[in-house]
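Novice:
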Ligand code: PBG
């Protein structure tokens, strides 16, 4: 006689069909936002060495790339600019003819169905590589806000559908909301990097965007990875200031935070599956140590399970292809 007093959970796992019927979390192409890096110049398609499969593109390559993204069924891209010149105040970030403004205009003209998210920050544009105005080695909060507002407004004028401020100055959502409204962009949503940790997982991105701080680090504005309550305070401020979506960044090491943000606040949550999370998978896959496809689908599913509604991921094109193959 076998022991009878236990539950047989395995009953629902018998076949793939039965497993699919009780699956709680599903990935969709609509969940994906694809990051792109645009550079000045012509005929440029630079490999980012630390991010295999990621390129810096000049504008003559951009339209084809965006058509491919559209054809794959990915609804949205987030645009990062790599300007040719940098200065202390990051003036290329808010210049009408800046690389991001040009790229946004081009995408909205050539592939208008794509939702274009503009990353609003200064670090790619400042010669010191910090996300705000620097004086005597200190990153100043309020003077930085003015430049961020100018940047956001110029991006909206170029046609950006969503503004995504990532610089972590206090009050940036309020300032940008007011700036956008005053210029008539009341319907342009703000996807705030509400919960952004000071993370070593951003290393490869700084190669891609040439945005490494030239002195010090970002710990006086980005969050301490040890903190949970601080994430709730950040999210609450951003909601009060008018954020429409809340980004949690990085994703994988912060799924606990994502779940908590999703449970507490009735807002769309966006997971930023950052560069280091991408490069680690790529490196291990290139060594034949892991199955890239299985790992990527598993971790994006984990982000959704943790509460993410949307995912910014360098894997977006691969995921869209894999979802097609599953059908
Ligand atoms: C700009 C910005 C960064 C990332 C997105 N926007 C870099 C940083 O804060 O240093 C990181 C993205 C990634 O690692 O994929 N502030």
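Numbering (the working numbering), first residue to last: 54 to 380. Beta carbons: idealized from backbone N, C-alpha and C, even for Gly. Quick caveat, the model's predicted, so the values are computed rather than measured.
Quick check on the DSSP output: the beta strand (DSSP E) that includes residue 133 runs from which residue to which?
Specialist: Its beta strand (DSSP E) spans residues 129-135.
Novice: Between which two residues does the alpha helix (DSSP H) containing residue 108 stretch?
Specialist: Per DSSP, residue 108 belongs to no alpha helix (DSSP H); it is in the beta strand (DSSP E), 108-111.
Novice: Quick one: residues in its chain with C-beta nearer than 6 Å to the C-beta of residue 197, no 5 flanking neighbours on either side, listed in chain order?
Specialist: Answer for residue 197: 185, 186, 222, listed in chain order.
Novice: Report back the beta-carbon spacing between residue 218 and residue 273 to the nearest angstrom; my notes put them in contact at under 8 Å.
Specialist: Going by Cβ atoms, the distance from residue 218 to residue 273 rounds to 17 Å, so no, they are not a contact pair.
Novice: Please indicate yes or no: does the CB of residue 106 lie closer than 7 Å to some heavy atom of the ligand PBG?
Specialist: No, since every heavy atom of the ligand PBG falls outside the 7 Å radius drawn around the Cβ of residue 106.
Novice: What residue range does the beta strand (DSSP E) around residue 98 cover?
Specialist: Element bounds for residue 98: 98-100.
Novice: As a quick exercise: from 212, 210, 226, 97, pick the residue whose alpha carbon is nearest that of residue 201.
Specialist: Ranking 212, 210, 226, 97 by Cα distance to residue 201 puts 226 first.
Novice: When the Cα of residue 251 is compared with those of 229, 235, 263, 279, which residue comes out closest?
Specialist: Among 229, 235, 263, 279, the Cα nearest to that of residue 251 belongs to 279.
Novice: For the putative contact between residue 110 and residue 357, defined by C-beta atoms under 8 Å, what is the C-beta separation to the nearest angstrom?
Specialist: Not quite, the Cβ-Cβ distance comes to about 29 Å (not below 8 Å), so this is no contact.
Novice: Determine the DSSP secondary structure at residue 334, reduced to helix, strand or coil.
Specialist: Three-state DSSP puts residue 334 in a helix.
Novice: Who are residue 217's beta bridge partners in DSSP?
Specialist: Residue 217 pairs with 172.
Novice: Spatial neighbours of residue 349 within its chain, please: CB distance less than 6 Å, with the 5 preceding and 5 following residues excluded, ordered by chain position.
Specialist: Here the set comprises 368.
Novice: Count the CB pairs spanning the region 91-102 and the region 57-76 that are closer than 8 Å, and state whether there are at least three.
Specialist: No: fewer than three Cβ pairs fall under 8 Å.
Novice: Please classify residue 270: is it buried, with 16 or more other beta-carbons within 10 angstroms of its beta-carbon, or exposed?
Specialist: Residue 270 should be labelled exposed.
Novice: Using only CA atoms, which one of 267, 307, 370 lies nearest to residue 284?
Specialist: The shortest Cα separation from residue 284 among 267, 307, 370 belongs to 307.
Novice: Enumerate in chain order the residues of its own chain whose CB-to-CB distance from residue 359 is below 7 Å, with the five nearest sequence positions on each side excluded.
Specialist: Correct list, in chain order: 308, 311, 312.
Novice: Does DSSP put residue 179 in a helix, a strand or coil?
Specialist: Reduced to three states, the DSSP call for residue 179 is strand.
Novice: Given 7 Å as the limit, tell me if residue 268 has its C-beta closer than that to any heavy atom belonging to the ligand PBG.
Specialist: Outside the cutoff, so no.
Novice: Out of 380, 138, 372, 324, which has the shortest C-alpha to C-alpha gap to residue 127?
Specialist: If we check each option's Cα against that of residue 127, 372 comes out closest.
Novice: By Cβ distance, which residues of its chain are closer than 6 Å to residue 151, with the 5 residues on each side in sequence left out?
Specialist: Taken in chain order, the residues that qualify are 145.
Novice: Considering only DSSP beta bridges, list what residue 276 is partnered with.
Specialist: According to DSSP, which records beta bridges pairwise, residue 276 is partnered with 250.
Novice: Going by the C-beta, is residue 264 closer than 7 Å to any heavy atom of the ligand PBG?
Specialist: Within the cutoff, so yes.
Novice: Let's see if you can read the secondary structure: which residues bound the alpha helix (DSSP H) around residue 356?
Specialist: From DSSP, the alpha helix (DSSP H) with residue 356 extends over 345-358.
Novice: With hydrogens ignored, establish whether the beta-carbon of residue 327 is closer than 7 Å to any heavy atom of the ligand PBG.
Specialist: At least one heavy atom of the ligand PBG is nearer than 7 Å to the Cβ of residue 327, so yes.
Novice: Buried or exposed: which applies to residue 192, given that a residue is buried once 16 or more other Cβ atoms fall within 10 Å of its Cβ?
Specialist: So residue 192 ends up on the buried side.
Novice: Can you tell me whether residue 61 is buried or exposed, with buried defined as 16 or more other CB within 10 angstroms of its CB?
Specialist: With fewer than 16 Cβ atoms within 10 Å of its Cβ, residue 61 is classed as exposed.
Novice: Relative to the C-alpha of residue 258, which candidate in 327, 378, 240, 230 has its C-alpha closest?
Specialist: Comparing Cα-Cα distances from residue 258 to each of 327, 378, 240, 230, the minimum goes to 327.
Novice: DSSP state of residue 211, grouped into three classes?
Specialist: Reduced to three states, the DSSP call for residue 211 is helix.
Novice: Please confirm whether any heavy atom of the ligand PBG lies closer than 7 Å to the CB of residue 194.
Specialist: No; taking the cut-off as 7 Å, the Cβ of residue 194 has no heavy atom of the ligand PBG nearer than that.
Novice: Which word fits residue 136, buried or exposed, when buried means at least 16 other C-beta atoms lie within 10 angstroms of its C-beta?
Specialist: So residue 136 ends up on the buried side.
Novice: Mark residue 71 as exposed unless 16 or more other C-beta atoms lie within 10 angstroms of its C-beta, in which case mark it buried.
Specialist: By the 10 Å Cβ count, residue 71 comes out exposed.
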